[in-house]
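Structure record follows, encoded as structure tokens.
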Amino acid sequence: MRVSQPAARAAVSLSLAAAVCAPLAAAGPAVAAKGGAGSTGTARIFMVNPVQSSGDQSLTDQKDSAAAVPETEYALVELRNLDGSGYLRGDWVTVQSSTGAPAYSVDNEYLYTRDQDQFEQVMAYFWVNEAQEYLQSLGFGSTLPGIVHQSFNVKINQYGGDNSYQTDKPYRIRLGKGGVDDAEDAEVIVHEYGHAVHASQVPGFGGSLHAGAIGESFADYLAVTVGLAAAERYGWPVLAEEACPMDWDATSYTDAPHCIRRFDTDLTAADATGRIHSDGQIWSQALWEIRLGYEDLALTTADWDATLIDSQFDYAPDTSWSDAAKATYEKAVARDGQAAGDLVLDRFAARGITFTP
Ligand SMILES: [Ca+2]
Ligand SMILES: [Ca+2]
Ligand SMILES: [Ca+2]
Ligand SMILES: [Zn+2]
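Position in the sequence shown (from 1) plus 9 gives the number in the working numbering.
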């Protein structure tokens with residue numbers, strides 16, 4: 010999808026105005042019951058990431074300088090579900106920083122630029138909350154079981170390396186600082202949250218190479234779909250390839266166009282190497298092609314995301330690709346009809362992943 014610059018910019022300034030007005034509109038009993046700062050605020054963030062929103066593949070980190078990213082690639086947004094303490098803590102996220110003072114504001118205004126440590130803290134809060142709100146928009150936590158239905162701990166900049174990761178003991182993600190600071194790219198944040206989604210759905214998920222690859226694949230897919238849904242929700246431009254995770258973080262270690270991994274490698278199960286990130290691209294291509302196929306069936310990407318995520322409750326912790334694909338097929342038939350199921354079967358088969366319906 011390509012969005013024309015003027016239209017996109019107009020949409021951004023509209024959502025900016027909405028964000029500024031929203032805290033007043035939201036004032037009510039729920040807010041009063043919380044702390045003095047209220048449950049909503051205003052923040053400056055990247056619109057997923059500055060490469061995706063600008064289409065400029067030549068952007069580079071420049072040692073974390075503010076000047077490396079144009080002001081136009083920031084958006085003002087509403088922060089929601091804060092606990093009123095003035096810190097970045099709330100219903101679905103608790104930010105814990107180990108570098109730089111914790112962001113604090115008596116009136117919940119968190120306006121930073123990328124050279125300030127607090128910018129990444131704000132990104133982490135906004136994007137984990139956004140991912141949780143997206144899951145809830147699909148029905149998880151209401152008509153379907155809740156997923157990561159708690160305030161999730163995000164620790165920023167714990168390590169110097171480029172090594173963000175999720176752990177369920179304790180239940181949190183850490184976001185590192187190698188190359189482009191990891192938390193400057195929403196697709197890194199949501200990728201790590203994607204692992205928490207699996208851990209929440211199936212405790213111990215990842216007990217086989219196939220399950221590990223599905224974990225990496227789904228984390229990439231969730232990062233992309235949450236970012237695209239947010240771009241739609243807030244009217245942000247998407248000027249890079251949609252099927253591209255971590256366009257900004259990947260400027261440190263890939264050639265343009267910068268994507269950490271791809272959803273169109275045409276790899277099949279016969280090409281698997283046992284390296285879960287690389288093999289995950291086999292699964293990701295099926296997920297992406299089913300997404301496109303859903304739209305051709307007059308279903309929506311949200312229909313597919315709800316079906317995919319709901320199906321993951323049925324994956325064994327050490328699942329094979331074949332068993333997981335079959336569980337996805339069965340969920341698609343049950344939720345979206347036989348044509349959707351046939352599409353799932355067909356796109357997995359194209360990747361050499363087969364099962365008996
Ligand atoms: Ca930074
Ligand atoms: Ca990085
Ligand atoms: Ca992207
Ligand atoms: Zn991962």
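Note that beta-carbon positions come from the ideal geometry of N, C-alpha and C, so glycine has one too. Please read these numbers as outputs of a predicted model, since none were measured by experiment.
Annotation for Tyr338: Gly350, Val353, Leu354, Phe357, Phe364, Pro366 place their beta carbon closer than 8 angstroms to its own, counting only its chain and skipping 5 residues before and after. In its chain, beyond the 5 residues on either side, Ala77 have a beta carbon closer than 8 angstroms to the beta carbon of Gln71. For Gln175, the beta-bridge partners assigned by DSSP are Ile182. The beta carbon of Ser63 is closer than 8 angstroms to those of Pro79, Thr81, Glu82, Pro246, Leu248 in its chain, skipping five residues each way along the sequence.
Using a 10 angstroms sphere on the CB of Asp305, the tally of other CB atoms stays under 16, which defines it as exposed. Closer than 7 angstroms to some heavy atom of ligand 4: that does not describe the Cβ of Ala232. In this structure, Val199 and Leu231 form a Cβ contact; the two beta carbons are roughly 6 angstroms apart against a cut-off of 8 angstroms. Taking Phe322 as the centre and dropping the five residues before and after it, the same chain places the C-beta of Gln210 closer than 6 angstroms to its C-beta, in chain order. Linking Pro154 to Val102 through their CA atoms gives a straight-line distance of about 19 angstroms. Under the DSSP assignment, Thr103 falls in the beta strand (DSSP E) whose first and last residues are 102-106.
The beta carbon of Ala46 sits closer than 8 angstroms to the beta carbons of Leu91, Gly93, Ser94, Gly95, Ser114, Val115, Asp116, Asn117 from its chain, once the five residues preceding and following it are set aside; these are given in chain order. Cβ-Cβ distances below 7 angstroms link Leu237 to Val247, Glu251 in the same chain, with the five nearest sequence neighbours on each side left out; the list follows chain order.
Every residue with a CB closer than 5 angstroms to a heavy atom of ligand 1 is listed here in chain order: Asp73, Arg123, Asp190. Taking Asp191 as reference, the option from Asp256, Arg89, Gly361 with the minimal CA-CA separation is Asp256. For Phe322, there is no enclosing alpha helix (DSSP H), since its DSSP letter is neither H nor E. C-alpha of Val197 to C-alpha of Gly283: approximately 22 angstroms in a straight line.
Contact between Asp126 and Ser146 does not hold, since the beta-carbon distance rounds to 31 angstroms and is not under 8 angstroms. Around Thr309, the same chain offers Tyr303 as residues with beta carbons nearer than 8 angstroms, after the five sequence neighbours per side are excluded. For Asn162, the beta-bridge partners assigned by DSSP are Thr103, Arg181.
For Ser261 and His286, the gap between their C-alpha atoms comes out near 18 angstroms. Residues Glu139 of the same chain have their beta carbon placed closer than 6 angstroms to that of Ala239, with the five preceding and five following residues left out of the count. Closest in alpha carbon position to Ala259, among Ser74, Ala295, Ser67, is Ser67.
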